[in-house]
Amino acid sequence: AMPPALKQLAGQIGELTSKHHVTIFSKTTCPFCRRVKSLFDSLHASYHCVELDQIDNGKEFQDALESMTGQRTVPNVFIGGKHIGGNDNCQELFSQRKLIGLLRTHGYQYDLIVVGGGSGGLAAAKEAAQLGAKVACFDFVTPTPTGTRWGLGGTCVNVGCIPKKLMHQAACLRESIADAASYGWEGIGAADSITANWATLRSAVQDHIGSLNWGYRVQLRTNKVEYQNRWACIVGPNQVIGRDRGGKETEYTAQKILVAVGERPNYPAGVPGAQELGITSDDLFSLDKPPGETVVVGASYVALECAGFLAAMGFKVHVVVRSILLRGFDQEMADLIGAYMSEHSGVKFIRPAVPVSLERDSSSGRINFKVSVTPADGGKPSQQVVQCDTVLFAIGRAPVFSQLGLESAGVSLSKAGRIVVNDADRTTCESIYAIGDAAEGRPQLTPAAIQAGRMLARRLYGGSAENCDYAGVPTTVFTPLEYSCCGLSEDAAMEKFGKDGVIVYHKNFNPLEWTVPHRPENACYMKLVCAKAPGQEGREPILGMHYLGPNAGEVMQGFALGLKKGATKWDLDNTIGIHPTNAEWFTGLDVVKGSGVSAAATGC
224 AMPPALKQLA
234 GQIGELTSKH
244 HVTIFSKTTC
254 PFCRRVKSLF
264 DSLHASYHCV
274 ELDQIDNGKE
284 FQDALESMTG
294 QRTVPNVFIG
304 GKHIGGNDNC
314 QELFSQRKLI
324 GLLRTHGYQY
334 DLIVVGGGSG
344 GLAAAKEAAQ
354 LGAKVACFDF
364 VTPTPTGTRW
374 GLGGTCVNVG
384 CIPKKLMHQA
394 ACLRESIADA
404 ASYGWEGIGA
414 ADSITANWAT
424 LRSAVQDHIG
434 SLNWGYRVQL
444 RTNKVEYQNR
454 WACIVGPNQV
464 IGRDRGGKET
474 EYTAQKILVA
484 VGERPNYPAG
494 VPGAQELGIT
504 SDDLFSLDKP
514 PGETVVVGAS
524 YVALECAGFL
534 AAMGFKVHVV
544 VRSILLRGFD
554 QEMADLIGAY
564 MSEHSGVKFI
574 RPAVPVSLER
584 DSSSGRINFK
594 VSVTPADGGK
604 PSQQVVQCDT
614 VLFAIGRAPV
624 FSQLGLESAG
634 VSLSKAGRIV
644 VNDADRTTCE
654 SIYAIGDAAE
664 GRPQLTPAAI
674 QAGRMLARRL
684 YGGSAENCDY
694 AGVPTTVFTP
704 LEYSCCGLSE
714 DAAMEKFGKD
724 GVIVYHKNFN
734 PLEWTVPHRP
744 ENACYMKLVC
754 AKAPGQEGRE
764 PILGMHYLGP
774 NAGEVMQGFA
784 LGLKKGATKW
794 DLDNTIGIHP
804 TNAEWFTGLD
814 VVKGSGVSAA
824 ATGC
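Offset between the sequence shown (1-based) and my numbering: plus 223.
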């Protein structure tokens with residue numbers, strides 16, 4: 224039997240472990256005690272600590288603990304009144320994704336509710352669940368004005384990156400087929416006899432998207448994330464109302480809520496017929512009929528990418544541009560893209576111009592699209608009508624918060640209408656977070672949202688303290704002549720460092736595979752934007768890299784790591800390139816922009 228003195232201490236231990244959800248019996252000099260405290264701190268778990276070397280009867284407490292648990296060493300940890308063991312036991316529970324569940328005391332249905340089943344939301348939901356959190360993911364697609372809807376996965380999978388890249392690939396294949404005769408292939412026929420079957424392409428693309436939708440459902444189920452195909456309205460810091468298609472409402476609660484709803488395309492305000500007769504990229508990839516002659520309104524990357532692959536498929540394409548192309552990107556590169564599309568892709572630009580109205584032609588059934596065009600000399604605008612089969616609006620995107628209930632939870636929005644967040648993705652409501660396109664100041668890119676979602680989950684449930692680093696995020700525009708970049712544009716660099724503080728190395732180049740079919744010479748271009756370093760000529764820090772040519776995304780991805788690690792011009796010059804490739808030209812740029820020396824390609 225336990226001696227009376229130990230029995231009394233055992234009673235005190237029982238009272239402590241009942242009163243506090245986590246109790247640690249520790250010693251201030253023990254490194255293992257420090258490790259276990261650090262673990263609980265990283266998981267934002269409160270605990271009561273008894274430092275046995277700081278109390279008079281610490282040895283007797285240790286005797287009582289040994290009698291109760293069979294463990295004399297410290298740390299000696301109890302969770303929920305149950306003896307867990309020492310540091311190794313706690314670390315093992317954490318690695319097995321079981322510790323989060325043991326620490327749960329909040330009383331809500333879930334640890335985390337994710338609102339939005341796009342790239343960022345799914346990444347956060349899966350990561351949090353893998354770390355032991357109880358997670359629900361709400362996703363509901365409001366149909367477009369034309370009735371288009373889609374499955375789980377968000378914009379990228381259903382109506383963005385994935386279908387866009389596949390249709391861009393279809394466009395690239397047309398060029399490859401046209402080049403084939405120059406490489407000795409026979410029996411293909413003339414390039415102008417090649418036709419695209421829209422129905423076949425659309426079906427293939429939608430079949431692939433369907434497989435991805437199913438794959439996401441399986442991943443959520445495998446990771447024990449509860450999927451709710453319901454519209455979510457946040458009604459408080461920890462409360463969500465889920466509404467199904469039939470209008471039935473159910474209340475759900477969670478300790479934390481993540482908003483990852485992304486954005487939807489804009490329609491122009493005050494343009495009659497825009498929503499009734501126009502479409503957006505949300506509709507394009509699932510059109511039952513070929514788009515035919517198309518007017519694309521906008522100068523965003525979405526506008527130019529869609530215009531490019533539609534033109535390659537043989538459709539007549541007009542692009543209505545209000546001002547500049549690719550706002551936010553390097554403007555020299557943007558102008559080169561526009562020139563190539565105009566001269567070699569058959570795209571007709573109408574600029575500067577704004578839409579006026581859309582009307583259905585009563586005799587032909589086509590759309591009469593009226594635009595207001597300003598003359599090059601800045602004179603009085605005139606109106607002209609373009610008759611077409613499809614009008615595609617690609618004038619920007621915005622998050623849709625009208626029924627999300629953010630205000631009732633104390634979540635603030637920026638002047639631009641996005642959610643205000645801090646570096647850790649927390650909103651002005653302590654229990655609500657936001658990532659991806661809906662958050663203010665974040666790159667509107669799928670990989671950035673995925674990274675942010677994973678890292679947020681790790682901070683909340685994985686003991687991490689790392690925030691997502693958005694510096695030097697690479698991206699690619701899949702226009703007919705692809706454009707990739709990383710870091711600052713030339714204009715942005717000069718704005719930051721001054722015109723005299725920037726040096727640009729540049730070069731035109733001819734891809735080897737273009738030489739045999741005699742594709743346009745010197746159409747491809749690259750430049751390296753660097754900060755001048757007096758006394759360190761040739762070793763300037765790289766501020767930005769820009770590439771216009773084939774396989775742009777594949778070229779830039781590896782260089783992005785160099786920029787992230789602070790690469791200099793010397794680092795590139797000291798790198799041996801892979802020959803013959805287009806990327807290798809970056810390792811030997813020697814023409815300074817503005818020097819008067821030609822940047823034209825001179826060989827392989």
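Idealized CB from N, CA, C, for every residue including glycine.
*In the stretch 726-755, which residue ranges form an unbroken beta strand (DSSP E) of at least 3 residues, counting only runs that do not cross its ends?*
Secondary structure in the stretch 726-755: the beta strand (DSSP E) runs of 3 residues or longer, each lying completely within the stretch, are 747-754 in chain order.
*Over the uninterrupted beta strand (DSSP E) stretch that includes Gly465, give me the two end residues.*
It spans Gln462 to Arg466 - the beta strand (DSSP E) in which Gly465 sits, taken as one unbroken run.
*Does the stretch 363-379 come close enough to the stretch 686-696 that 3 or more CB-CB pairs lie under 8 Å?*
no
_Let me make sure I understand the geometry here. Which of Lys512, Pro368 and Gly800 has the alpha-carbon closest to that of Trp421?_
Lys512
*Where Ala621 falls: helix, strand or coil (DSSP)*: strand
*asked:* Restricting to runs no shorter than 3 residues, where is the beta strand (DSSP E) found entirely within the stretch 415-492?
replied: Annotation note: the stretch 415-492 contains the following uninterrupted beta strand (DSSP E) runs of length 3 or greater, listed N- to C-terminal: 449-451, 454-459, 462-466 and 472-482.
*asked:* Our contact map puts Tyr331 next to Ala477 with C-beta atoms below 8 Å; I'd like the distance itself, whole angstroms only.
replied: The pair is a contact, with the Cβ atoms about 5 Å apart (cut-off 8 Å).
_Would you call the stretch 696-709 in contact with the stretch 780-794, where contact means no fewer than 3 C-beta pairs closer than 8 Å?_
yes
*In angstroms, rounded to a whole number, what distance separates the CA positions of Lys388 and Phe720?*
36 Å
*State buried or exposed for Leu396, treating a residue as buried only when at least 16 other CB atoms are found within 10 Å of its CB.*
exposed
*Which residue from Lys787, Trp454 and Ser568 puts its Cα closest to that of Pro743?*
The shortest C-alpha separation from Pro743 is found at Ser568.
*Tell me whether the beta-carbon of Gly485 lies closer than 8 Å to the beta-carbon of Gly659.*
yes
*asked:* If you follow the beta strand (DSSP E) that Glu582 is in, where does it begin and where does it stop?
replied: For Glu582, the uninterrupted beta strand (DSSP E) segment begins and ends at Ala576 to Arg583.
*Using the Cα positions of Val570 and Ile560, report the straight-line distance between them to the nearest angstrom.*
Taken atom to atom, the span from the alpha-carbon of Val570 to that of Ile560 is near 11 Å.
_Spatially closest choice to Ala352 from Pro366, Arg444 and Ile400, by CA coordinates_ = Out of Pro366, Arg444 and Ile400, the CA that lies nearest to the CA of Ala352 is found in Arg444.
*Counted within 10 angstroms of its Cβ, other Cβ atoms place Ile189 as buried (16 or more) or exposed*: Residue 189 is absent from the model: the chain starts at 224 and stops at 827.
_Exposure label - Met225; buried when at least 16 CB within 10 Å_ = Within 10 angstroms of the beta-carbon of Met225 lie fewer than 16 other beta-carbons, which makes it exposed.
*What is the residue span of the beta strand (DSSP E) that His391 lies within?*
Unbroken run through His391 is the alpha helix (DSSP H), Cys384 to Ala403; no beta strand (DSSP E).
*For the alpha helix (DSSP H) holding Phe532, just list the boundary residues, first then last.*
Tyr524 to Ala535
*Taking DSSP as the reference, what is the three-state secondary structure of Gly640?*
coil
*Tell whether a beta-carbon distance below 8 Å holds between Thr367 and Phe301.*
no
*Separation of Ile618 from Ser587, as counted between CA atoms*: Whole-angstrom Cα-Cα distance: 27 Å.
*asked:* Beta-carbon within less than 7 Å of Tyr524's beta-carbon, same chain only, minus the 5 sequence neighbours each way: which residues are those?
replied: Leu549 and Val700
*asked:* To the nearest angstrom, how far is the alpha carbon of Asp709 from that of Asp276?
replied: Reading off the sequence, residue 709 comes out as Cys, not Asp. Their backbone Cα atoms lie some 55 Å apart in a straight line.
*Compare the Cα-Cα distances from Gln667 to each of Gln319, Glu516, Ser342 and Ser318 and report the closest residue.*
Ser342
*Between Ala346, Leu232, Gly339 and Tyr475, which lies nearest to Val364 when the distance is taken from Cα to Cα?*
Gly339
*Is Asn299 near Phe248, with beta carbons less than 8 Å apart?*
yes
*Distance, Cα to Cα, Val519 vs Ser565?*
Cα to Cα, Val519 sits roughly 14 Å from Ser565.
_Suppose contacts are defined by Cβ-Cβ distances below 8 Å. Is Asn591 in contact with Gln606 by that definition?_
no
*Identify which residue in Val441, Pro460 and Arg466 has its Cα closest to the Cα of Asn452.*
Arg466
*Rounded to whole angstroms, what's the CA-CA distance from Leu533 to Leu354? Just pull it up for me.*
Approximately 44 Å between the Cα atoms of the pair.
*What is the DSSP secondary structure of His567, counted as helix, strand or coil?*
Looking at His567 - three-state DSSP - the assignment turns out to be helix.
*Expressed to the nearest angstrom, what Euclidean distance is found between the alpha-carbon atoms of Gly433 and Val382?*
12 Å
*Of the choices Pro740, Val815 and Pro764, whose alpha-carbon is the least far from that of Lys750?*
Val815
*Which runs of the alpha helix (DSSP H), 4 residues or longer, sit entirely within the stretch 495-524?*
497-500 and 504-507, all fully within the stretch 495-524.
*Between the C-alpha atoms of Ile799 and Val544, what's the straight-line distance to the nearest angstrom?*
42 Å
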